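Accompanying notes for the structure given below.
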């Protein structure tokens, strides 16, 4: 294990590399085509139902803006569109969406720049987050700086055989402006004024000076009407919050609920992700291997079964892990009861206590964002077969990942570069 030299990663709990090989450097997403993602659907019957299933391919589209643009073009509410996975902006992505009451002919007639939508048929159910088999990635890292690039890549692939810490990636929080988990924490606390101040007003050093000053000016005056004119058009969600506040002064909760529901719910999810990253990094700092089960740790099996490591079963658990039948996991707390089973749970409980967050806060936040935050397990190790190719100073990576796993977790192990190079 090797500690990250980048403060923004450390702040987000992404503190360790699994590999100690030299980084190849380089730039990710120099062009959107350098980061290609293809969703692997679960499949299901098509025929009758109120939802139109569509295959969506888009280039360089921020996910929420893409959904709102589709809705606007169809003349419907964006709330009628659902999806199984949120895809990156600076990328070429293929995914599936459902449109409640969608009409195939109307979708076929859509003409939206850098976007193709193919209606596939009607279905009985809307897609839900995580309802996919996984994602295929084809990624090219440009302008790598390692001297012996081919040897360095080969060494990284060999070192990666043991897997990587299954961090929630930078895009979960924002790279230029990593604040989503901070907004989520305030929503959990029920302090909607602070949540709005954080989302709209917290300036970050990697933003342009103009945007930083605009955010600071809002915090100084709390004048929503004036801030709308000052905020640039590309900050549409901040402007949406401000527009509501201008019409309904003091109603910060209503202003937040004016955001797309899935964006709003992602704030709380980002806080859960931050907790996971922090506890995983504390475990890495102990020097414990990702596949090394310790008494009191939680296990998740490939069939969904859960268990606890004990001194009595530790040896057989190691065998099961080696055969890919289960993995050490961390518990992401939610509205349900949280019983501490071992050191990882104790660390999670300590972080929650430090922030003053309880299960009741998750229950209340769930009602606020209209999503139930049940506690869940997430494996701490991610393994995948990585196919590489080196051409000049460019390196191509091809691999698949399960739902909810981040390709940047793989890329950062090879690159070991400034996070801004991975935007």
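Residue numbers (our numbering): 37 to 459.
From the three backbone atoms N, C-alpha and C, an ideal C-beta is built for every residue, glycine too.
For clarity, every value in this text was computed on a predicted model and none was experimentally measured.
Limits of the alpha helix (DSSP H) - the one that residue i falls within
i: residue 223; result: 216 to 225
i: residue 189; result: 185 to 195
i: residue 458; result: Run containing residue 458: none; DSSP gives neither H nor E here.
i: residue 46; result: 43 to 47
i: residue 232; result: 228 to 232
i: residue 358; result: 350 to 358
i: residue 309; result: 297 to 321
i: residue 448; result: 443 to 451
i: residue 105; result: 99 to 110
i: residue 250; result: 245 to 257
Residue i - partner residues in DSSP beta bridges
i: residue 170; result: 76
i: residue 71; result: 175
i: residue 39; result: 52
i: residue 151; result: 94
i: residue 418; result: 200
i: residue 22; result: There is simply no residue 22 to check, as the chain begins at 37 and stops at 459 in what is shown.
i: residue 157; result: 89
Residue i versus residue j: straight-line alpha-carbon distance, rounded
i: residue 315; j: residue 384; result: 6 Å
i: residue 323; j: residue 37; result: 8 Å
i: residue 374; j: residue 394; result: 9 Å
i: residue 57; j: residue 206; result: 21 Å
i: residue 291; j: residue 303; result: 14 Å
i: residue 172; j: residue 435; result: 6 Å
i: residue 210; j: residue 310; result: 12 Å
i: residue 293; j: residue 364; result: 36 Å
i: residue 284; j: residue 265; result: 17 Å
i: residue 204; j: residue 442; result: 6 Å
i: residue 231; j: residue 305; result: 14 Å
i: residue 110; j: residue 164; result: 21 Å
i: residue 286; j: residue 251; result: 18 Å
i: residue 271; j: residue 378; result: 43 Å
Beta-carbon contacts of residue i that lie in its chain and below 8 Å, excluding the five residues immediately before and after
i: residue 431; result: 60, 62, 176, 177, 180, 185, 189, 424, 425, 450
i: residue 68; result: 95, 96, 126, 127, 128
i: residue 199; result: 54, 326, 327, 417, 418, 419
i: residue 381; result: 332, 334, 367, 374, 375
i: residue 447; result: 64, 175, 177, 433, 458
i: residue 329; result: 335, 345, 350, 353, 354, 357, 364
Same chain, Cβ closer than 6 Å to residue i, five either side skipped, listed in chain order
i: residue 92; result: 131, 133, 153
i: residue 65; result: 71, 126
Contacting residues, own chain, Cβ-Cβ under 7 Å from residue i (five flanking each side not counted)
i: residue 371; result: 395, 398, 399, 402, 408, 409, 410
i: residue 82; result: 89, 156, 157, 158, 159
i: residue 150; result: 94, 95, 96, 97
i: residue 193; result: 422, 424
i: residue 261; result: 282
Residue i, enclosing beta strand (DSSP E) - first and last residue
i: residue 288; result: It is not in any beta strand (DSSP E) - residue 288 instead sits in the alpha helix (DSSP H) that spans 288 to 293.
i: residue 344; result: 342 to 344
i: residue 432; result: 430 to 437
**Message:** Can you confirm whether the stretch 338 to 355 touches the stretch 83 to 91 when touching is taken to mean that 3 or more C-beta pairs between the two stretches lie within less than 8 Å?
**Reply:** Counting Cβ pairs under 8 Å, fewer than three are found: no touch.
**Prompt:** With contact counted as at least three CB pairs below 8 Å, one residue from each stretch, are the stretch 69 to 76 and the stretch 151 to 170 in contact?
**Reply:** With a cut-off of 8 Å, the stretch 151 to 170 and the stretch 69 to 76 count as touching, because enough Cβ pairs lie within range.
**Message:** Across the stretch 220 to 239 and the stretch 267 to 287, are there enough close Cβ pairs to call them in contact, namely three or more that are closer than 8 Å?
**Reply:** Yes: the two stretches touch, three or more of their Cβ pairs being nearer than 8 Å.
**Item:** Cβ pair count under 8 Å reaching 3, the stretch 43 to 58 against the stretch 98 to 108
**Value:** Using a C-beta cut-off of 8 Å, the stretch 43 to 58 makes no contact with the stretch 98 to 108, since fewer than three inter-stretch Cβ pairs fall below that distance.
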